[in-house]
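Participant: Be aware that the sequence shown starts at 1, since it is given in the UniProt record's numbering, and climbs by one per residue.
Using N, Cα and C, we set each Cβ at its ideal position, and we do this for glycine too.
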Amino acid sequence: MNKTLGIAFAGGGVKVTFSMGFVEVLQRHGIQATHVSGTSAGAMASAFYALGYPAKEVLEIFKGIKIYSLSSITWTKAGMLDMESVAKDFEPHFSGKNFETLPIKVSVVTTNLIEGRAQIFDSGPMVKPLLASCAFPGVFSPVEIDGVLFADGGIINNFPVEQVEPHVDKTLGLYVSPLRAMGKDDFKNTFTVLDRIYRISNRADSMEKFKDCDWLVNPEELIDYGTFSMSSMDELYELGKRYGEQQIDDIVAGLAE
């Protein structure tokens with residue numbers, strides 16, 4: 001591996017387990033990125049990757065998160081689920097760690113709700129920026145950092161390719177939110193509506209960045225999986241491994257050029 005690699009992890013809720021399945025193949029072949037970026041659940045994936053967690057272990061961590069437990073429900077904050085309650089699942093892994101001390105450069109995208117813009121975190125404590133990046137609008141309460149409210153980075157930038165592409169020789173983009181046609185009967189509940197709005201809002205911006213990836217992973221099969229399909233994580237992980245096996249030879253060759 002002579003060329004440097006950057007990986008952009010798109011947001012997509014539980015579909016990020018597809019990305020981790022793909023990463024397992026990279027890890028098995030000794031391929032290591034020097035820069036990673038992520039939005040929403042992709043931010044969590046990028047952070048675990050930078051800390052050296054095996055992909056399979058990250059899958060098990062995601063499976064253990066009970067985001068819909070009654071203890072997470074809030075009626076006093078701007079979201080149905082209290083992100084502070086969800087934080088308990090992640091804090092043991094990131095508590096006391098700063099971005100700048102990691103062996104791999106990590107850039108996490110959040111949305112600054114006060115100023116109405118994307119804000120990148122790549123230094124300082126990791127926990128709150130990661131939680132903020134995952135604060136899916138309308139579902140999770142915003143996260144306060146230094147007196148400012150932050151929410152899901154995917155509101156503005158769901159595929160942060162630009163955070164890695166200028167700094168590396170080759171860029172791998174893991175995009176997991178293809179858009180499918182829907183009829184009015186498909187909108188069965190609040191999560192279906194929010195998922196649809198989220199996908200539509202960030203699709204055009206994300207597609208503009210496809211051309212900046214040396215390898216773009218954008219599987220149409222993911223159309224059939226929702227952002228909150230909690231029971232599908234193992235299936236998504238295996239699908240990611242299959243895609244990784246299909247592309248690994250090309251990636252190895254490209255990095256050796």
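Pairing CB atoms from the region 151-169 with CB atoms from the region 183-193, are three or more of them under 8 Å?
Facilitator: Result no; under three Cβ-Cβ pairs closer than 8 Å.
Participant: Short of 6 Å in beta carbon distance, which residues of its chain neighbour residue 135, apart from the five on each side in sequence? Order them along the chain.
Facilitator: To locate residue 135, count along the sequence shown from 1; it is residue 135. The residues are 83, 142, 143, 151, 152.
Participant: Tell me whether the region 124-134 and the region 103-111 touch, counting them as touching only if at least three CB pairs, one residue from each stretch, are closer than 8 Å.
Facilitator: Flag = yes, the region 124-134 and the region 103-111 touch.
Participant: In this structure, does DSSP put residue 257 in helix, strand or coil?
Facilitator: Position 257 of the sequence shown, counted from the first residue, corresponds to residue 257. Residue 257: coil per DSSP, three-state reduction.
Participant: Note down, one range per segment and in chain order, each beta strand (DSSP E) of at least 3 residues found wholly within the region 161-209.
Facilitator: Segments of the beta strand (DSSP E) lying fully in the region 161-209: 170-174.
Participant: Count the other CB atoms within 10 Å of the CB of residue 197; is the residue buried (16 or more) or exposed (fewer)?
Facilitator: Residue 197 sits at position 197 when you count from the first residue of the sequence shown. With fewer than 16 other Cβ atoms within 10 Å, it is exposed.
Participant: For a quick check, are the C-beta atoms of residue 52 and residue 46 less than 9 Å apart?
Facilitator: Position 52 of the sequence shown, counting from 1, holds the residue named residue 52. Position 46 of the sequence shown, counting from 1, holds the residue named residue 46. No, they are not a contact pair.
Participant: Taking just the CA atoms, how far does residue 229 sit from residue 35?
Facilitator: Residue numbering aside, residue 35 sits at position 35 when the sequence shown is read from its first letter. Residue numbering aside, residue 229 sits at position 229 when the sequence shown is read from its first letter. Spanning the two alpha carbons is a distance of roughly 29 Å.
Participant: Please confirm whether residue 177 and residue 101 have their CB atoms less than 9 Å apart.
Facilitator: Here residue 177 refers to the residue found at position 177 when the sequence shown is read from its first residue. Here residue 101 refers to the residue found at position 101 when the sequence shown is read from its first residue. No. Outside cutoff.
Participant: Do residue 105 and residue 125 count as a contact pair if the criterion is CB distance below 9 Å?
Facilitator: Mapped onto the sequence shown, residue 125 falls at position 125. Mapped onto the sequence shown, residue 105 falls at position 105. No. Outside cutoff.
Participant: For residue 212, which of helix, strand or coil comes out of DSSP?
Facilitator: In the sequence shown, residue 212 corresponds to position 212, counting from 1. Residue 212 falls in the helix class under three-state DSSP.
Participant: Below 6 Å CB to CB, which residues in the same chain sit around residue 158 once its five sequence neighbours on both sides are set aside?
Facilitator: Start at 1 with the first residue of the sequence shown, and residue 158 comes out as number 158. Cβ within range, chain order: 10, 11, 39, 202, 206.
Participant: Can you tell me which of the three DSSP states residue 135 falls into?
Facilitator: For this step, residue 135 is matched to residue 135 along the sequence shown. It is coil, neither helix nor strand.
Participant: If we require 3 or more residues per run, which beta strand (DSSP E) segments fall completely within the region 3-43?
Facilitator: DSSP runs (the beta strand (DSSP E)) wholly in the region 3-43: 5-9, 35-39.
Participant: Going by DSSP, name the residue or residues bridged to residue 125.
Facilitator: Within the sequence shown, numbered from 1, the residue matching residue 125 stands at position 125. 98.
Participant: With distances taken Cα to Cα, identify the nearest neighbour of residue 254 among 94, 210, 169.
Facilitator: Within the sequence shown, the letter at position 254 stands for residue 254. For residue 254, the nearest C-alpha among the options comes from 169.
Participant: Cβ of residue 194 versus every heavy atom of the ligand FAD: is any distance shorter than 8 Å?
Facilitator: With respect to small molecules bound, the structure shown includes none, and the ligand FAD cannot be examined in it.
Participant: My output table needs one value for residue 220: the three-state DSSP class, helix, strand or coil.
Facilitator: In the sequence shown, residue 220 corresponds to position 220, counting from 1. Residue 220 falls in the helix class under three-state DSSP.
Participant: Residues in the same chain with beta-carbon distance under 8 Å from residue 241, minus the five sequence neighbours each way, listed in chain order, please.
Facilitator: Looking up residue 241 in the sequence shown gives position 241. So the qualifying residues of the chain are 21, 22, 24, 25.
Participant: Since residue 122 and residue 90 are thought to touch, with beta carbons under 8 Å apart, how far apart are those beta carbons, to the nearest angstrom?
Facilitator: The residue labelled residue 122 in the question sits at position 122 within the sequence shown. The residue labelled residue 90 in the question sits at position 90 within the sequence shown. Not really, about 18 Å apart at Cβ, beyond 8 Å.
Participant: Only counting the same chain, and skipping five residues up and downstream in sequence, which positions put a Cβ closer than 6 Å to that of residue 77?
Facilitator: As a first step, residue 77 is located in the sequence shown; it is residue number 77 there, counting from the start. Residue placement at residue 77 is flagged as unreliable, the pLDDT there being 47, under the threshold of 50; the coordinate-derived value follows with that caveat. Cβ within range, chain order: 141.
Participant: Buried or exposed, going by whether 16 or more other CB atoms sit within 10 Å of the CB of residue 193?
Facilitator: In the sequence shown, residue 193 corresponds to position 193, counting from 1. So residue 193 ends up on the exposed side.
Participant: What three-state label does DSSP hand residue 229 in the structure shown?
Facilitator: Residue numbering aside, residue 229 sits at position 229 when the sequence shown is read from its first letter. Coil, per DSSP.
Participant: On the three-state DSSP scale, how would you describe residue 46?
Facilitator: Against the sequence shown, residue 46 aligns to sequence position 46. Note: residue 46 maps to helix in three-state DSSP.
Participant: Express the C-alpha separation of residue 183 and residue 59 in angstroms, rounding to a whole number.
Facilitator: By 1-based counting over the sequence shown, the position of residue 59 is 59. By 1-based counting over the sequence shown, the position of residue 183 is 183. Near 32 Å, if we compare the C-alpha coordinates of residue 183 and residue 59.
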